[in-house]
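Under our numbering, think of the first position of the first sequence as 203, with each following residue one higher. A virtual CB, placed ideally from N, CA and C, is assigned to each residue, including glycine. Below is one structure; the comments refer to it alone.
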Amino acid sequence: MESFTYESIFGPICVSLKDGRVYQIELGKRCAGAQPDSEIVKQLEEYFRGVRKQLDFPVEVRGTEFQLRVWRALRNVPYGSTVSYKELAKRLNTSARAVGQALKRNPLPLYFPCHRVVSKDSLGGFSAGLNWKKNLLALERGERCAGNS
DNA sequence: GCTATTAGACCCC
DNA sequence: GGGGTCTAATAGC
Numbered sequence: 203m204e205s206f207t208y209e210s211i212f213g214p215i216c217v218s219l220k221d222g223r224v225y226q227i228e229l230g231k232r233c234a235g236a237q238p239d240s241e242i243v244k245q246l247e248e249y250f251r252g253v254r255k256q257l258d259f260p261v262e263v264r265g266t267e268f269q270l271r272v273w274r275a276l277r278n279v280p281y282g283s284t285v286s287y288k289e290l291a292k293r294l295n296t297s298a299r300a301v302g303q304a305l306k307r308n309p310l311p312l313y314f315p316c317h318r319v320v321s322k323d324s325l326g327g328f329s330a331g332l333n334w335k336k337n338l339l340a341l342e343r344g345e346r347c348a349g350n351s
């Protein structure tokens, strides 16, 4: 297992690897890193430049069946658009509250775009802090990044 | 098992 | 805007 730091205009991002697969992404955290994986860094670069719309590298996810279902469903939310917790819950035959619980425990933000899920008349929450959510959404809308914090 | 907690939604005042 | 109530999954007991 190894980890490396990728730094974007947003701030530090720590990516952890095991057997060449990503098993954790932490926003706002810097890790003492080993060798960066070039393909993953390349994809992150492209994503933050607004060129790439979907990250696609081998990952290892651990979670309950329910959480996996929610996280997988996230990948069907198109780039630049948002869904409400309720809408996502409806697709999965569950409740908005349960969706929020699962999203909170998403180990791979960006890869599973939990920032595209917002509450009915506010942003909702975000495990790494709402500023990340705001900025990520701004990026996907093609707005220039307003900076952190 | 039961209870408390939660990144929601709703309704009512 | 602040209170209840419903909700389903989860963590902790």
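Whole-angstrom Cβ separation of residue i and residue j, contact assumed at under 8 angstroms?
| i | j | result |
| --- | --- | --- |
| Ser283 | Arg232 | Contact flag wrong, Cβ pair sits at about 31 angstroms. |
| Pro214 | Gly235 | Wrong, their Cβ atoms sit about 10 angstroms apart, outside the cutoff. |
| Leu338 | Phe314 | Leu338 to Phe314, Cβ: 12 angstroms. No contact. |
| Ser297 | Ser321 | Not quite, the Cβ-Cβ distance comes to about 13 angstroms (not below 8 angstroms), so this is no contact. |
| Ala291 | Val279 | In fact, because the Cβ distance is near 13 angstroms, the residues do not count as touching under 8 angstroms. |
DSSP three-state label for residue i, please.
| i | result |
| --- | --- |
| Arg264 | coil |
| Cys233 | coil |
| Lys302 | It is Gly, not Lys, that sits at residue 302 in the sequence shown. Of the three classes helix, strand and coil, the one that applies to Gly302 here is helix, per DSSP. |
| Glu209 | strand |
| Ser240 | helix |
| Lys335 | helix |
| Leu341 | helix |
| Lys288 | helix |
| Gln269 | helix |
| Leu325 | coil |
| Tyr249 | helix |
| Leu310 | coil |
Enumerate in chain order the residues of its own chain whose CB-to-CB distance from residue i is below 6 angstroms, with the five nearest sequence positions on each side excluded.
| i | result |
| --- | --- |
| Leu219 | Glu204 |
| Ser351 | In this prediction, Ser351 has a pLDDT of 38, which is less than 50 and means its spatial position is unreliable; what the coordinates show is noted afterwards. Taken in chain order, the residues that qualify are Asn333. |
Quick one: residues in its chain with C-beta nearer than 7 angstroms to the C-beta of residue i, no 5 flanking neighbours on either side, listed in chain order?
| i | result |
| --- | --- |
| Arg307 | Gly265, Gln269 |
| Arg223 | Pro260, Val261, Glu262 |
| Gly331 | Gly230 |
| Val217 | Ser205, Phe206, Tyr208, Val224, Ile227, Ile242 |
Any idea if residue i is buried or exposed, counting beta-carbon neighbours within 10 angstroms, 16 or more meaning buried?
| i | result |
| --- | --- |
| Asn295 | exposed |
| Lys335 | buried |
| Gln245 | buried |
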